[in-house]
Amino acid sequence: MKTIVNLFVLLMLTIRLFAQEWKSLGLENEFIKSIAVDPIDINVIYVCSGNGIFKTTNGGTNWNKIKDNSITEIKIDLRNPRIVYAYNAGYICKSTDYGNTWKDDNKGIDTKIFSGITAFELNSNEPEILYCGVGGIDKGSPYISTNGGENWNKLGPNTEWYCYRSPKLDTICYNPHNSGITAISINPQTNNTIYLATQTSLILKTHNSGKSWVVCGSLPEDLITDIEVDEADTNLVYCSTYSRGYFFSKNGGKTWEPLFQGIRNGHPGKSIQASSIAGKKIILLANVDYLFKRENDGLWQDLQFNRGEIGSLLLFDKRIYVGAKGLFVKDILTNIAEHTDIPFDFYLYQTYPNPFNPLTTIKFHISKISDITIAVYDVLGRKIKTLLDSNVIPGTHSLTWNGTDTFNNKVNTGIYFVSLIVEGRSYNRKMVLMK
């Protein structure tokens, strides 16, 4: 009897510990279809549901509705987070003031009664360049905007797309009864390379921003729900399907392999996210009722998300955000993190200004003569530049970083870490470069 009681107590403790891993950020009455986090302040979060767009500025303590109407997806311009985009089947809208006011930005997009906007993506390196896809029973095409959504033009042939593989030619055929673009992904290192996913199991690829297209390797016939290019190794491409599971390509889409045999097929695939955080390659797979994670090609881990049907997924800044009935978050531990404790004999102040462009000041204090190193790293844990590697006298000192790497090349807009290393111990601060 004592053994049974002990096992029961252990089980209850395990359940309680598990329950503490996922933190609720509120909105329990909303089914969250998309999530976007401000790149400068992670306490600023946007989500959308069938009832509109909601925003918090304090990490989920309070939420305000900032737009009515059902919204499919929301995205932030990572270079200028004042700019926010949202869309549904009927229109794309844009805000230039953090979501306070909105205006429609879909001039030139042709939608019909039985077709609508089904995908949207912005180029993180050139945020004025936007892509969207239209599909449905009626006609549809992919579109491009080169001026932040003011005007849109069709990509590729000036005809409606019906995406299927010709039995005789490894090419795309066209027909006025399109079956639709379902997802778009842009190569983060080569902006001209774009992937389009379709309802007919084809993935299309361009190397010239949509002037011409090729058909990628064969996948099982099914609707493709999401596609993702690995940010560290862009030959790696991942996709999810509605009922056939998840696949990956090692050669830019030429051939495909199953990504995870253990996934319960037959359940609609929702999303796939791939990112490298502090040197770890993280892959997340979301279906309607489960969530798996893998690190560095290791074993798959069931994250035990038991909060109901999953509507959206976001991997951002060492955190996993999941939208269901409400918004939930879980931290990912990495090798690079900001310190909250203060070492006795050295200290690294928060850089200022932060965000910055083009210079930021790095201020530090040491209490004794020490050999120190100050270096800048990106979010993948890669060293960008060593700023100081010397013996330094006691006191408070400062230096600047001008946003360049070891070879004095300008680095991209984004999140970086400055690390102060003293006698094998380190102190890190996060900083954001904006252009």
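The opening position of the sequence shown corresponds to residue 325 in our numbering, with each subsequent residue numbered one higher.
Cβ atoms here follow ideal geometry from the backbone N, Cα and C, with glycine treated the same way.
When beta bridges are read from the DSSP output, Asp655 appears opposite Arg643. DSSP places Glu445 in the strand class (E or B) of the three-state scheme. Under the criterion of beta carbons closer than 8 Å, Ser691 and Pro718 qualify as touching, at roughly 6 Å. For the pair Lys594 and Ile634, the Cα-to-Cα distance works out to about 8 Å. Burial is judged here by how many other beta carbons sit within 10 angstroms of a residue's own beta carbon; Asp421 has fewer than 16 and is exposed. Assignment of beta-bridge partners to Phe741 by DSSP yields Tyr701 and Lys754.
A contact is defined here as three or more CB-CB pairs under 8 Å, and the segment 388 to 404 meets this definition with respect to the segment 423 to 439. Apart from sequence neighbours up to five positions away, the residues of its chain that approach Ile377 with a beta-carbon distance below 8 Å are Tyr370, Val371, Lys389, Ile390, Lys391, Ile395, Ile398, Ala410 and Gly423, ordered along the chain. In the three-state scheme derived from DSSP, where H, G and I count as helix and E and B as strand, Glu545 is classed as coil. Per DSSP, Glu397 is one residue of the beta strand (DSSP E) stretching across Glu397 to Ile400.
Residue pairing by DSSP puts Phe355 in a beta bridge opposite Lys649. Burial is judged here by how many other beta carbons sit within 10 angstroms of a residue's own beta carbon; Tyr676 has fewer than 16 and is exposed.
CA-CA distance, Glu354 to Val746, rounds to 48 Å. For Asn388, the pairing in a beta bridge is given by DSSP as Lys379. The three-state reading of DSSP puts Glu555 in coil, since its state is none of H, G, I, E or B. When DSSP reads this structure, Arg631 sits in no beta bridge, so it has no partner.
For Glu345, the uninterrupted alpha helix (DSSP H) run begins and ends at Lys326 to Glu345, by DSSP. With fewer than three CB-CB distances shorter than 8 Å, the segment 641 to 650 does not count as touching the segment 717 to 733. Lys605: member of the beta strand (DSSP E) spanning Lys604 to Asn611, first to last residue.
One alpha carbon belongs to Leu583, the other to Tyr570, and they sit about 5 Å apart.
Under the Cβ criterion (8 Å, minimum of three pairs), the segment 506 to 515 counts as touching the segment 545 to 555. Ranked by Cα distance from Ile708, the first of Asn678, Lys759 and Val742 is Val742. At the C-beta level, Gly414 and Gly440 come within 8 Å of one another. The shortest C-alpha to C-alpha distance from Gly541 to any of Lys529, Thr549 and Ser533 is the one to Lys529. DSSP places Val716 inside the beta strand (DSSP E), whose first and last residues are Lys707 to Val716. DSSP, read as helix, strand or coil, puts Pro466 in strand. Residue environment: Thr710 is assigned as exposed (fewer than 16 neighbouring CB atoms within 10 Å of its CB, all protein chains considered).
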